[in-house]
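**Q** This is the structure I want to talk about, given as structure tokens.
2 protein chains.
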Amino acid sequence: MSERLEADYIIETAIDPRQAAEIMAGEQSSGTFVAVPGETEELKARSAAQVEAVEIYDTVTAPSLPGAATGERYARARVTLSWPLGNMGVSLPNAMTTVSGNLYELKPFSGLRLVDVRFPDAYAEAYPGPRFGVDGTRRLTGVTKGPVIGTIIKPSVGFSLTQTAERVTELIDGGVDFIKDDELQADGPHCPFDARVEAVMRAINDHADRTGKKVMVAFNLTGEVDEMRARHDLVLRHGGTCVMASVNSVGLGGLLALGRHTQLPIHAHRNGWGYLSRHPMLGWSFPAWAKFWRLAGADHLHVNGLQNKFCEGDDSVIAAAQSLLTPMFADKPCITMPVFSSGQSAVQAAETYRRMQTTDLIYAAGGGLVGHPDGIAAGVASLRQAWEAAEAGIPAETYARDHPALARALEAYA
Amino acid sequence: MSERLEADYIIETAIDPRQAAEIMAGEQSSGTFVAVPGETEELKARSAAQVEAVEIYDTVTAPSLPGAATGERYARARVTLSWPLGNMGVSLPNAMTTVSGNLYELKPFSGLRLVDVRFPDAYAEAYPGPRFGVDGTRRLTGVTKGPVIGTIIKPSVGFSLTQTAERVTELIDGGVDFIKDDELQADGPHCPFDARVEAVMRAINDHADRTGKKVMVAFNLTGEVDEMRARHDLVLRHGGTCVMASVNSVGLGGLLALGRHTQLPIHAHRNGWGYLSRHPMLGWSFPAWAKFWRLAGADHLHVNGLQNKFCEGDDSVIAAAQSLLTPMFADKPCITMPVFSSGQSAVQAAETYRRMQTTDLIYAAGGGLVGHPDGIAAGVASLRQAWEAAEAGIPAETYARDHPALARALEAYA
């Protein structure tokens, strides 16, 4: 596959899934609901989407989604479609319209979910991809082994500038590698972006001058395109090493503009992901969705965490994280660093390592770090100890015997 | 309401809906999953989201979505939350994160859908809104009464430049007011954007010179921000009167950049809408979602059509269209012209008028116009006749007796 755009779906339909797949291909290329003049054989040969595969894997008796054509039973199938590059050209936004578009609304489908997408090689050349990824993030944070231990400024929103800078000072004194703004804190009047960068970077730079360790701060610059570019430049001028954007709020247009402009890692926040994914027979699976943001330049991307405070199961979290570490193209892997976050503490480190078999990730804890009963430094220590134990293959409870920060965390967050 | 951002949801939960609403408010403002230092009473007073209303309207015995905390029964409730403007400031992307964000993933919810949103007055001042809307579109098309009769270039994709220009010539000779690119046709190599604009505008301008009627063409400029700005300028230079963007593919960042730049009406295409809305207890309702694009500058927005080829029911289509014609602010109504499209023909005109009681809309037919058995001119005539009959309160079948184009359409598309 190098010249065609391909996408995999799971579908649920009361009609023959092969026929359903042909309807998908027609809707998303040269067909409409009646035959029209101009849809010649020559045009179809040039532009029609092709059904590459249809594999029925289940049959159910009730439809997953309302509104579809009904039947006695509904087949579930995995479908692969492909399109010639000539239809959408080399354009991420138009590729998105091509592989998703109106498909989710078509009458024969009581379920339709996009599970993967493969881009033609021309996309690898045309798009920036992550400029930093795992290696760049390790270089900028100085974390050569183990996960990058991160935290979120909490409360999410409401701090003044002074309070924010004070909290950041506490966090860096506590030994974190990485700090992010909450997605709810961008440029509100209590804590405006530009002044926050100045105040926070003063603390970060002072600490770096004293210790040689520059903590990475993901400043949430979510906003309009020109704002984001200007904010990026401000962070860069102050010696900052990361910017953050809520990708569903800025959209592909926003992230592409930032991705082409950036000289810093982009920390991509997926808030809103639930509305795209929460129903298992609707919307997007993470690996497909993430590839758009990876090509657009996301260096870090949130994947939730094990035993999280949300509805997502652990298997889905691991599949998402692994997908980010799987190359997209032979010559341009577009590796994006997974960010484990949401209800994380020392408790989940062992299982996360057991399943990921790598520490090429950001492990971010908010309450699970600053809420440690012995304070922030103990919170950070508990996370590092938990990961040391995991990498060494030592049960956390065993390692905790002579690592009191870990012991207290296991107790507090059990 | 002028200083707070408000949002209405329908939720489904096994816990007390009042408690569930407090969890929503906490997650989307100053709370996290454990108490953290810094979340003082003063901070909460400044920044906590408030639960404004909780109204239980139903109880069900099975959860709508998997993954949630379970119970014996699940209450459905309508919830209103509000946030101080100080949290997110005047920023559409950050308002989107605030009202949607992580809410859809929270454990206590087996259903959560955003049904409406009300912006503080400061948003009316800060954002462009539709620059043309209904009045501007009527002025530019010269359609002073009745709906703007539109069509889509079909086949959707695959035509060469010459074929596209020939088809446009046929459509304008047939008498249409409005033509749009299909959302699948943007800048593919068979029909690149810039050359298409030149070729199509030559036909449009020739016809305007001869007849005084300039047909509006919505050129699909979907792409990256700088591309879209440049393409807009090209359309303007060639005397074009409309541009089109797929809003879910360019995102708010994309549409805001275009909305601030544009000197032409923006035809906003909602493809992808199904993944945001198809499950009735998940995602977005149209009125809430549309307000973001209206503020960002959408002059036209697709609302599907009655008896469409998709899964959406007629009530939902009408509610969507009516929402666009309902003012957002007293001093800045942000009226966006609804575009009825998808399987439309003369057949649905009467019912559309009966329910809308206005002709301030674009009525777009693809196959239902060019597929008319007597050709394009008859297709256009059949639509105009169907709307004349509807406005005059004459049954279409009666009016068809001495209007053969309508008669043939009612027969062909029954």
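Note that the protein sequences, when read in sequence, are chains A and B.
So this note's numbering is basically just the index in the first sequence, starting at one, shifted up by 596.
So this note's numbering is basically just the index in the second sequence, starting at one, shifted up by 596.
Note that the Cβ used here is the ideal one computed from N, Cα and C, for glycine as well.
1. Classify Pro969(B): buried if its beta carbon has 16 or more other beta carbons within 10 angstroms, exposed otherwise.
2. Does the region 686-695 of chain B come close enough to the region 964-983 of chain A that 3 or more CB-CB pairs lie under 8 Å?
3. Is Phe906(A) near the ligand HEM - that is, is its Cβ less than 6 Å away from at least one heavy atom of it?
4. If Pro724(B) sits next to Ala894(B), beta carbons under 8 Å apart, how far is it from one beta carbon to the other, in whole angstroms?
5. With a threshold of 7 Å between beta-carbons, can Ser626(B) be considered close to chain A, or not?
6. So Asp777(A) is in the alpha helix (DSSP H); what residue range does that whole segment cover?
7. What are the boundary residues of the alpha helix (DSSP H) that Thr948(B) is part of?
8. Should Gly835(B) go down as buried or exposed, given a rule of 16 or more other Cβ atoms within 10 Å for buried?
9. Any chance the region 840-853 of chain B sits against the region 810-819 of chain B, with 3 or more Cβ pairs inside 8 Å?
10. Using CA coordinates, which residue listed in Gly808(A), Ile972(A), Ser660(A) is at the minimum distance from Thr765(A)?
11. Is the number of C-beta pairs between the region 897-907 of chain B and the region 697-707 of chain A that are closer than 8 Å three or more?
12. Can you name the residues of chain A whose CB is closer than 9 Å to the CB of Arg825(B)?
13. Taking its Cβ as the centre, do 16 or more other Cβ atoms sit within 10 Å of Pro743(A), making it buried, or is it exposed?
14. Could you tell me the distance, in whole angstroms, from the CA atom of Gly622(B) to the CA atom of Leu780(A)?
15. How many angstroms separate the CA atom of Arg827(B) from the CA atom of Phe789(B)?
16. Between Leu1006(B) and Val943(B), which are expected to be in contact by the criterion C-beta below 8 Å, what is the C-beta distance as a whole number of angstroms?
17. Suppose you measure from the CA of Thr948(B) to the CA of Ile990(B); what does that come to, to the nearest Å?
18. Along chain A, which residues have their Cβ under 9 Å away from the Cβ of Ala894(B)?
19. Do the CB positions of Val713(A) and Lys928(A) come within less than 7 Å of each other?
20. Would you check if the distance between the CB atom of Gly746(B) and the CB atom of Ile958(B) is smaller than 7 Å?
21. Hey, does Arg600(B) have any beta-carbon neighbour from chain A nearer than 7 Å?
22. Three-state secondary structure (DSSP) at Thr740(B)?
23. Listed in chain order, which residues of the region 790-824 of chain A have Cβ atoms closer than 8 Å to some Cβ of chain B?
24. Opposite Ala673(A) in the DSSP bridges: which residues?
25. Here's the rule: buried if 16 or more other CB atoms are within 10 angstroms of the residue's CB, otherwise exposed. What is Lys741(B)?
26. Would you mind reading off the limits of the beta strand (DSSP E) that contains Leu708(A)?
27. Is any beta-carbon of chain B found at less than 7 Å from that of Lys692(A)?
28. Closer than 7 Å between beta carbons: that is the criterion. Which residues of the region 872-904 of chain B meet it against chain A?
29. Name the residue from Asp612(B), Arg866(B), Gln953(B), Lys810(B) whose alpha carbon lies nearest to the alpha carbon of Arg674(B).
30. At a CB distance below 7 Å, what residues from the region 774-786 of chain B approach chain A? Give them in sequence order.
31. I need the DSSP call for Val899(A), collapsed to helix, strand or coil.
32. Does the distance from the CB of Lys703(A) to the CB of Ile748(A) come in under 7 Å?
33. Would you mind sorting Thr758(B) into buried or exposed? The rule is 16 or more other CB atoms within 10 Å of its CB.
34. At least one CB of chain B closer than 7 Å to the CB of Phe715(A): is that the case?
35. In the DSSP assignment, what residue or residues form a beta bridge with Pro934(A)?
36. Kindly list, in the order they appear in chain A, the residues whose Cβ is closer than 7 Å to that of Cys907(B).
**A** In brief:
1. exposed
2. Not touching, per the Cβ criterion.
3. This structure does not include the ligand HEM; it has no bound ligands of any sort.
4. Not quite, the Cβ-Cβ distance comes to about 10 Å (not below 8 Å), so this is no contact.
5. yes
6. No alpha helix (DSSP H) contains Asp777(A), which DSSP labels as neither H nor E.
7. 945-952
8. exposed
9. yes
10. Ile972(A)
11. Contact between the region 897-907 of chain B and the region 697-707 of chain A is present, because at least three Cβ pairs lie under 8 Å.
12. Residues of chain A passing the Cβ test: none, with the nearest at roughly 10 Å.
13. Label assigned to Pro743(A): buried.
14. 12 Å
15. 8 Å
16. 6 Å
17. 14 Å
18. What Ala894(B) touches in chain A: nothing, since even the nearest Cβ is about 14 Å away.
19. No, Cβ-Cβ distance for Val713(A) and Lys928(A) is not below 7 Å.
20. yes
21. no
22. coil
23. Residues Thr818, Gly819, Glu820, Val821, Asp822, Met824.
24. Ile607(A), Ile652(A)
25. exposed
26. First-last of the beta strand (DSSP E) with Leu708(A): 705-714.
27. In the sequence as presented, Lys is not what sits at residue 692(A); that position holds Met. By the rule that beta-carbons nearer than 7 Å mark a contact, Met692(A) touches chain B.
28. So the close ones are Leu872, Arg874, His875, Pro876, Leu878, Gly879, Trp880.
29. Asp612(B)
30. Glu779, Leu780, Ala782, Asp783, Gly784, Pro785, His786
31. Coil, per DSSP.
32. no
33. exposed
34. no
35. Partner(s): Leu897(A).
36. Gly663, Ala664, Glu701, Lys703
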